[in-house]
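Note sheet for the following structure.
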Amino acid sequence: MLYYQKKGIQMCLIITIVMSILAIQNLLSENYLTGAIQLIISIGFLLLLINNIRRTRCERNGTCYNGCSITNWLSSLFKKKS
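Note that this note's numbering has the sequence shown beginning at 4, numbered continuously upward.
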(Lines of atoms letter the chains of each structure in order from A and count residues from 1; the text may use other names and numbers.)
(Lines give C-alpha, C1' and ligand atoms only; values in the text may rest on other atoms or scores of the structure.)
Protein backbone atom coordinates (compact mmCIF):
# COMPACT_ATOMS: atom_id res chain seq x y z
CA MET A 1 0.00 0.00 0.00
CA LEU A 2 2.86 2.41 0.74
CA TYR A 3 4.16 2.05 -2.84
CA TYR A 4 0.90 3.40 -4.23
CA GLN A 5 0.93 6.30 -1.80
CA LYS A 6 4.50 7.16 -2.78
CA LYS A 7 3.52 7.09 -6.44
CA GLY A 8 0.51 9.31 -5.71
CA ILE A 9 2.67 11.80 -3.85
CA GLN A 10 5.15 11.96 -6.72
CA MET A 11 2.42 12.51 -9.31
CA CYS A 12 0.79 15.17 -7.17
CA LEU A 13 4.14 16.95 -6.78
CA ILE A 14 4.76 16.90 -10.53
CA ILE A 15 1.28 18.26 -11.30
CA THR A 16 1.69 20.96 -8.65
CA ILE A 17 5.01 22.13 -10.09
CA VAL A 18 3.76 22.09 -13.70
CA MET A 19 0.55 23.95 -12.88
CA SER A 20 2.46 26.54 -10.84
CA ILE A 21 4.86 27.18 -13.71
CA LEU A 22 2.01 27.49 -16.21
CA ALA A 23 0.15 29.85 -13.89
CA ILE A 24 3.19 32.10 -13.49
CA GLN A 25 3.79 32.14 -17.26
CA ASN A 26 0.17 33.08 -17.96
CA LEU A 27 0.18 35.79 -15.32
CA LEU A 28 3.39 37.27 -16.76
CA SER A 29 1.93 37.25 -20.28
CA GLU A 30 -1.15 39.10 -18.95
CA ASN A 31 -3.59 36.21 -19.28
CA TYR A 32 -4.96 36.91 -15.83
CA LEU A 33 -8.07 34.71 -15.86
CA THR A 34 -6.24 31.64 -17.15
CA GLY A 35 -3.34 32.24 -14.77
CA ALA A 36 -5.63 32.68 -11.79
CA ILE A 37 -7.53 29.47 -12.54
CA GLN A 38 -4.30 27.53 -12.95
CA LEU A 39 -2.99 29.02 -9.71
CA ILE A 40 -6.13 27.92 -7.87
CA ILE A 41 -5.76 24.41 -9.31
CA SER A 42 -2.09 24.39 -8.30
CA ILE A 43 -2.97 25.39 -4.74
CA GLY A 44 -5.58 22.62 -4.65
CA PHE A 45 -3.01 20.03 -5.68
CA LEU A 46 -0.60 21.44 -3.09
CA LEU A 47 -3.21 20.94 -0.37
CA LEU A 48 -3.82 17.41 -1.65
CA LEU A 49 -0.08 16.77 -1.54
CA ILE A 50 0.15 17.99 2.06
CA ASN A 51 -2.80 15.78 3.01
CA ASN A 52 -1.16 12.74 1.39
CA ILE A 53 2.12 13.37 3.22
CA ARG A 54 0.32 13.73 6.55
CA ARG A 55 -1.66 10.54 5.94
CA THR A 56 1.49 8.59 5.04
CA ARG A 57 3.30 9.80 8.16
CA CYS A 58 0.23 8.93 10.21
CA GLU A 59 0.19 5.36 8.92
CA ARG A 60 3.94 4.92 9.49
CA ASN A 61 3.96 6.27 13.04
CA GLY A 62 0.55 4.96 14.09
CA THR A 63 -0.48 8.35 15.48
CA CYS A 64 -3.64 8.77 13.47
CA TYR A 65 -6.36 11.17 14.52
CA ASN A 66 -9.87 10.15 13.64
CA GLY A 67 -12.19 12.95 12.71
CA CYS A 68 -11.42 16.57 12.03
CA SER A 69 -8.12 18.00 13.18
CA ILE A 70 -6.40 21.29 12.44
CA THR A 71 -2.73 22.10 12.35
CA ASN A 72 -0.83 23.43 15.38
CA TRP A 73 -0.05 26.82 13.84
CA LEU A 74 -3.75 27.36 13.06
CA SER A 75 -4.93 26.29 16.50
CA SER A 76 -2.39 28.60 18.15
CA LEU A 77 -4.14 31.59 16.58
CA PHE A 78 -7.37 30.77 18.43
CA LYS A 79 -6.20 30.15 21.99
CA LYS A 80 -8.86 29.78 24.64
CA LYS A 81 -8.82 32.64 27.16
CA SER A 82 -9.35 31.68 30.79
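We put the CB at the ideal spot given by N, CA and C, even for glycine.
Unbroken alpha helix (DSSP H) run spanning residue i, endpoints
{"i": "Leu36", "result": "35 to 64"}
Supposed close pair residue i, residue j - CB separation, criterion 8 Å
{"i": "Ala26", "j": "Leu42", "result": "4 Å"}
Top-ranked residue by Cα proximity to residue i, from the options
{"i": "Ile44", "options": "Arg57, Leu80, Ser79, Leu16", "result": "Leu16"}
{"i": "Ile18", "options": "Glu33, Leu50, Phe81, Leu31", "result": "Leu50"}
Under the three-state DSSP convention, the category residue i falls into
{"i": "Ser79", "result": "helix"}
{"i": "Ser32", "result": "coil"}
Residue i CB to nearest heavy atom of the ligand ATP below 6 Å
{"i": "Leu51", "result": "No copy of the ligand ATP occurs in the structure displayed, which carries no ligand at all."}
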